Amino acid sequence: MKDVIKKEVLFNHAIEKVWDAISKAEEISTWFIQADFKAEKGYKYTFTAEPNEKGCTVISGEVKNANPYTLVYTWIVADTKVETTVKWELETVEQGTKLTLEHSGISNYAGETAIAMFESFNGGWDNCITGLTNYLKEAVNAG
Numbered sequence: 014m015k016d017v018i019k020k021e022v023l024f025n026h027a028i029e030k031v032w033d034a035i036s037k038a039e040e041i042s043t044w045f046i047q048a049d050f051k052a053e054k055g056y057k058y059t060f061t062a063e064p065n066e067k068g069c070t071v072i073s074g075e076v077k078n079a080n081p082y083t084l085v086y087t088w089i090v091a092d093t094k095v096e097t098t099v100k101w102e103l104e105t106v107e108q109g110t111k112l113t114l115e116h117s118g119i120s121n122y123a124g125e126t127a128i129a130m131f132e133s134f135n136g137g138w139d140n141c142i143t144g145l146t147n148y149l150k151e152a153v154n155a156g
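If you read the sequence shown in our numbering, its first letter stands for residue 14, the second for the next number, and so on.
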């Protein structure tokens with residue numbers, strides 16, 4: 014099974030603006046879900062969503078890396094206890110900023126659950142990128 018979800022987007026915004034949008038709790042809470050988050054290595058964060066049809070209301074984990082323009086954290090959904098990894102990388106390009114998002118370790122879920130979680134995460138990240146795009150305005154799809 015596929016174990017890594019990868020999304021790439023180009024934004025015609027300065028890298029600092031995109032970095033702030035993905036690394037500051039008040040900005041994440043605007044375009045994603047309520048966040049108790051700091052882009053500091055070792056910070057134990059919590060994202061809390063309103064109850065929804067998938068039942069996924071709490072995501073938690075620990076920031077593993079928060080160097081300028083690379084952000085890596087573990088991702089544990091609600092009560093699953095299964096740890097996956099989310100990595101955001103930003104790069105300055107001629108058009109603005111290239112964002113690459115990778116979510117890996119999904120095969121850590123058992124059997125059919127891994128397939129269902131991959132599909133859920135894949136769609137969820139599409140929605141997340143759309144939210145970020147709308148938040149930052151004028152995004153250009155990189156592929």
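For each residue, glycine too, the CB sits at the ideal point set by N, CA and C.
Please read these numbers as outputs of a predicted model, since none were measured by experiment.
Buried or exposed: where does residue i fall if 16 or more other Cβ atoms within 10 Å of its Cβ makes it buried?
i: residue 129; result: exposed
i: residue 63; result: exposed
i: residue 104; result: exposed
i: residue 40; result: buried
i: residue 31; result: buried
Sorted by chain position, which residues of the same chain lie with C-beta nearer than 8 Å to residue i's C-beta, five sequence neighbours on each side aside?
i: residue 38; result: 48, 49, 50 and 51
Starting from the C-beta of residue i, find all residues in its chain whose C-beta is less than 7 Å away, skip the five residues before and the five after it, and write them out in chain order.
i: residue 117; result: 16, 17, 97 and 98
i: residue 59; result: 49, 71 and 73
i: residue 53; result: 76 and 79
i: residue 28; result: 82, 103, 105 and 110
List the residues that DSSP assigns as beta-bridge partners of residue i.
i: residue 80; result: 83
i: residue 56; result: Residue 56 is not bridged to any residue.
i: residue 108; result: None, per the DSSP bridge assignment.
i: residue 117; result: 17 and 98
Cutting at 6 Å between CB atoms, please list the residues of its own chain near residue i, excluding the five before and the five after it.
i: residue 44; result: 144, 145 and 148
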